[in-house]
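Participant:
Residue numbers (my numbering), protein chains in the order written: chain A, 1 to 226; chain B, 1001 to 1226; chain C, 2001 to 2226; chain D, 3001 to 3226.
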């Protein structure tokens, strides 16, 4: 069943620890209501060269991920080994994001505020978050005096096409996509150099989405009341 | 006390596992605040022919359901065995929903957003949820580009009458009720081919209800502010 | 130190179980954010004749109540035994409520929505909750078609005076206070024939407060938007 | 590695218990969503003379603080011993607040409502909270009939400068800063004579921030609707 040439033995030995860590993430994100109803998927880059990605299988309950609820895919999103598990429909987004230099983890979550804001700001193509101390937790940001653009992509079932557009935005020299983005009505993608950094990015974005959502509600009612 | 002919021995042997699973659901839904104050009830179809349904007994605390807080009823909602437990007043709704082909689990929850939206949209008889990725988690839905009608029934203490109206809507050839519905001021009914699918449907509906509620609040204040 | 005549031995033997149950309530209500910052107090009527009440001591952290964080008081609110613990400043409210026939438990909680609604409706002396299925969980209510008046008392540091006014409202033959009430900016008092019923009443009131609060916000913005 | 003269042996012996207590605080505050994304920091004054402060190290995940995720600093904010850990960038705020007489613990949290209100009231320099029973939980406050001024400082990366301004406000004879304050877009600082009191202050402030935020939203929509 196992193809010995597909995954280096040294890499294979790291699988159990990565799987344990992603199972813990699932339980945590489920309880934050960021991964309800089998939504969300999480991946860890096992090696960049050759590209090997450990990814949650399609349609799994994140509250209690089993040790077998994962697949390993290559740079084309193909499962390395025959398995009963199906890679997520969104595998190619994880692959595109995981291939970035210094990226070792990609997390996709699906929260209420991310969904609401992605709707609210779809027409404008995104929204900016600015001036919050929490922004300093994003990799490479050193001051609250920072303007984070949160791009919103239209949702589609053509994930390959979406992955290409994301890829173009990541390599846009003038104004590259950074830290994360939203898909309309579908949630957040973010990443990091390891699982801890990617999780920190999730927490920071989700925190800021709720801040922006609640502030917007208060500001609008203030205008209406005046 | 036990009537040996009422429940096949092979079915009876499955009871402890079903009861354990429903106790876990109770604790989970209590913590999501979907089953406070002894509200909610949950059922599992043990067999369709003859129809046997395992159902939470009336008025039980869902935080810590005991192994004895359940009853088994037949297709008329009558308890199969003498027991100190009373079947829920809503037994006939569970029976009507559980008799559908391919349905093995019925979950009724009672959340804040379901209650608020059922009030808000009672006059219109329901509301549509459209365009969200989360809709893909509903059985048979394969794209976010889907319009889910959430019907709202007026609340009543005549559950038998309500069960008949629901039954008619389930078998409405032109426009059948699908996946779930709301009772005004009373919460959600949804179902699935097993407990996992029914729970997934609960999580998806509850997620979407909160999204719709928060988006509505933001949209209304935007109109008021303009 | 112990006055043997103050607490019947048969009653004393019930103390550990009551204390365990109230410690569990504290942890539960803390996690619902209904008992933050040492707010709230809980009591169990040990006997009506003579009147003996087990009550959380003043200023205790409800997250982790210790076995010694309780006092036993008589019908005048006096501690039966010398103790380092101070009865809560609100002892006399617990005594007045606990003396009602069939009442064996009094729970005072301090939630965000109770506080907000008590402010919003103080001028009107209270507010009605009507038409919700959840109302059926209140003792003696058998239909959702019920109108529950939630009286709001002005807050005061003169608890003895407040206890007298509450006492008058409880024995008001024409329109007696039932199930519970709010103190402005201070939270909910409710009670029951045992701890389970009183806790059910807390959960029902808190659920309905949030429903009313969120519905009010949506309705007001609808009016503003129209 | 250890400088024997830097920390009295009697003080050193208290470290494990303080560290255990702060680790518990981290897990608790993480679950309240007050310390997401490595935000927040917590400190305990080990001794006032000489001034020794135990402080969470920079950038640690508060969900699961490790026993080594702490540093001990002196009255200039310098680490007493060579360590791989970096003191938090906000060390000097902790030092300034910890040097107050009777202060033994300083807690900095970073919640959604604190962030939203700090934005909303930055122009006015702060806001008052008045009339709530919960205010009685603040040290020295004996009635709900109390007006608590919550000062909002503009955020800055010049923490030394901010610490000086805070120091001036603490020693302002006419109108001293009391109990806590907000930094705009950055969260709450509060303190107490021990960890329990400081935690109580956090819970009280966070509770009241949410009450004020929700009440403001309801009031504004009421004005808009009228």
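For glycine and all other residues, C-beta sits at the position ideal for the given N, C-alpha and C.
Could you please tell me which residues of the region 3111-3145 of chain D, in chain order, have their CB closer than 7 Å to any CB of chain C?
Facilitator: If the cut-off is 7 Å between Cβ atoms, the region 3111-3145 of chain D has 3131, 3132, 3133, 3134, 3137, 3143 and 3144 near chain C.
Participant: Rounded to a whole number of angstroms, what is the C-alpha to C-alpha distance between residue 2131(C) and residue 2150(C)?
Facilitator: Roughly 14 Å between the two C-alpha positions.
Participant: Quick check on the burial criterion: 16 or more other C-beta atoms within 10 angstroms. Buried or exposed for residue 143(A)?
Facilitator: It counts as exposed.
Participant: Cα separation between residue 3193(D) and residue 3096(D)?
Facilitator: Roughly 15 Å separates the two Cα atoms.
Participant: Quick one: measure Cβ to Cβ for residue 3093(D) and residue 3033(D), integer angstroms, because I've assumed they're closer than 8 Å.
Facilitator: Between residue 3033(D) and residue 3093(D) the Cβ distance is about 22 Å, and since that is not below 8 Å, they are no contact.
Participant: Decide yes or no for the touch test of the region 2211-2224 of chain C against the region 204-211 of chain A: beta carbon pairs closer than 8 Å, at least 3 of them.
Facilitator: Output reads no: the region 204-211 of chain A does not touch the region 2211-2224 of chain C.
Participant: Spatial neighbours of residue 2190(C) within its chain, please: CB distance less than 7 Å, with the 5 preceding and 5 following residues excluded, ordered by chain position.
Facilitator: So the qualifying residues of the chain are 2107, 2179, 2180, 2198, 2201, 2202 and 2205.
Participant: Unbroken beta strand (DSSP E) runs of length 3 or more, entirely within the region 3158-3200 of chain D: which are they?
Facilitator: Listed in chain order, they are 3180-3183 and 3187-3192.
Participant: Consider the Cβ of residue 2218(C): report whether some Cβ of chain B lies at a distance smaller than 7 Å.
Facilitator: Yes, its Cβ sits closer than 7 Å to a Cβ of chain B.
Participant: Please name the residue in 35(A), 137(A) and 170(A) whose C-alpha comes closest to that of residue 98(A).
Facilitator: When each option's Cα is compared against that of residue 98(A), the closest is 170(A).
Participant: In three-state terms, what does DSSP make of residue 228(A)?
Facilitator: As shown, chain A starts at 1 and ends at 226. That puts residue 228(A) outside it, with no answer to give.
Participant: Is residue 1224(B) close to chain C, meaning its C-beta is less than 7 Å from at least one C-beta of that chain?
Facilitator: Cβ-Cβ to chain C under 7 Å: yes for residue 1224(B).
Participant: When you compare the CB of residue 2094(C) with every CB in chain D, is at least one pair closer than 7 Å?
Facilitator: Not an interface residue.
Participant: Once DSSP output is grouped into helix, strand and coil, what is the label at residue 2104(C)?
Facilitator: Coil at residue 2104(C), not helix or strand.
Participant: Could you give the uninterrupted runs of the alpha helix (DSSP H) lying entirely in the region 2114-2142 of chain C, keeping only those of 4 residues or more?
Facilitator: The region 2114-2142 of chain C contains no whole alpha helix (DSSP H) run of 4 or more residues.
Participant: Give the DSSP-derived three-state secondary structure of residue 1036(B) in the structure shown.
Facilitator: Residue 1036(B) falls in the coil class under three-state DSSP.
Participant: Can you list, in chain order, the residues of its chain whose CB lies under 7 Å from that of residue 3134(D), leaving out five sequence neighbours each side?
Facilitator: For residue 3134(D), where only same-chain residues beyond five positions count, the Cβ hits under 7 Å are 3204, 3207 and 3208.
Participant: Count the other CB atoms, across all protein chains shown, that sit within 10 Å of the CB of residue 1158(B); report buried if there are 16 or more and exposed otherwise.
Facilitator: Residue 1158(B) comes out exposed.
Participant: Determine the closest residue to residue 2046(C) out of 2071(C), 2037(C) and 2062(C), with distance taken between C-alpha atoms.
Facilitator: Among 2071(C), 2037(C) and 2062(C), the Cα nearest to that of residue 2046(C) is on 2071(C).
Participant: How about residue 3152(D) and residue 215(A): are their beta carbons less than 7 Å apart?
Facilitator: The answer is no: Cβ separation not under 7 Å.
Participant: Whose C-beta lies closer than 6 Å to the C-beta of residue 2195(C) among residues of the same chain, with five residues either side of it excluded?
Facilitator: Hits under 6 Å: 2021 and 2105.
Participant: Assuming residue 2080(C) and residue 2023(C) make a contact with CB atoms under 8 Å, what is their CB distance in whole Å?
Facilitator: Not quite, the Cβ-Cβ distance comes to about 20 Å (not below 8 Å), so this is no contact.
Participant: Tell me whether residue 1088(B) is buried or exposed, calling it buried when 16 or more other Cβ atoms sit within 10 Å of its Cβ.
Facilitator: Buried, because 16 or more other Cβ atoms sit within 10 Å of the Cβ of residue 1088(B).
Participant: Enumerate in chain order the residues of its own chain whose CB-to-CB distance from residue 3146(D) is below 6 Å, with the five nearest sequence positions on each side excluded.
Facilitator: 3135.
Participant: Any residues in the region 3150-3184 of chain D with a beta carbon nearer than 9 Å to a beta carbon of chain C? Which ones, in chain order?
Facilitator: The region 3150-3184 of chain D vs chain C, Cβ under 9 Å: nothing.
Participant: Can you tell me the Cα-Cα spacing of residue 2050(C) and residue 2014(C), whole angstroms?
Facilitator: One C-alpha to the other measures close to 16 Å.
Participant: How is residue 1002(B) classed by DSSP in three states: helix, strand or coil?
Facilitator: In this predicted model, residue 1002(B) has a pLDDT of only 41, less than 50, meaning its place in the structure is not dependable; the value taken from the coordinates is given anyway. In the structure shown, residue 1002(B) sits in coil (DSSP, three-state: anything other than H, G, I, E or B).
Participant: Within 7 Å of any Cβ in chain D, is that where the Cβ of residue 11(A) sits?
Facilitator: Not closer than 7 Å to any Cβ of chain D, the Cβ of residue 11(A) fails to qualify, so no.
Participant: Should residue 2258(C) be labelled buried (16 or more other beta-carbon atoms within 10 Å of its own) or exposed?
Facilitator: Because chain C is modelled from 2001 through 2226, residue 2258(C) falls outside the range shown and cannot be assessed.
Participant: List the whole-angstrom C-beta distance separating residue 1091(B) from residue 1035(B), where the pair is believed to meet the contact cut-off of C-beta under 8 Å.
Facilitator: No, residue 1091(B) and residue 1035(B) are not in contact; Cβ-Cβ is about 17 Å, not under 8 Å.
Participant: Do we get a CB-CB distance below 7 Å when we pair residue 221(A) with the residues of chain B?
Facilitator: Yes, because at least one Cβ of chain B sits closer than 7 Å to the Cβ of residue 221(A).
Participant: Do we get a CB-CB distance below 7 Å when we pair residue 2027(C) with the residues of chain D?
Facilitator: With 7 Å as the cut-off, residue 2027(C) does not count as an interface residue toward chain D.
Participant: From residue 186(A) to residue 27(A), what does the alpha carbon distance come to, in whole angstroms?
Facilitator: Straight-line Cα distance between these residues: approximately 20 Å.
Participant: Roughly how many angstroms separate the alpha carbons of residue 1003(B) and residue 1060(B), rounded to a whole number?
Facilitator: Confidence is the limiting factor: at residue 1003(B) the pLDDT is only 47, short of 50, which leaves the residue's position unreliable, though a coordinate-based value still follows. So the two alpha carbons sit approximately 25 Å from each other.
Participant: Going by beta carbon distance, what residues of the same chain come within less than 8 Å of residue 1103(B), once the five residues before and after it are set aside?
Facilitator: Correct list, in chain order: 1045, 1097, 1191, 1192 and 1193.
Participant: Taking the straight line between their C-alpha atoms, what separation do you get for residue 1126(B) and residue 74(A)?
Facilitator: So the two alpha carbons sit approximately 46 Å from each other.
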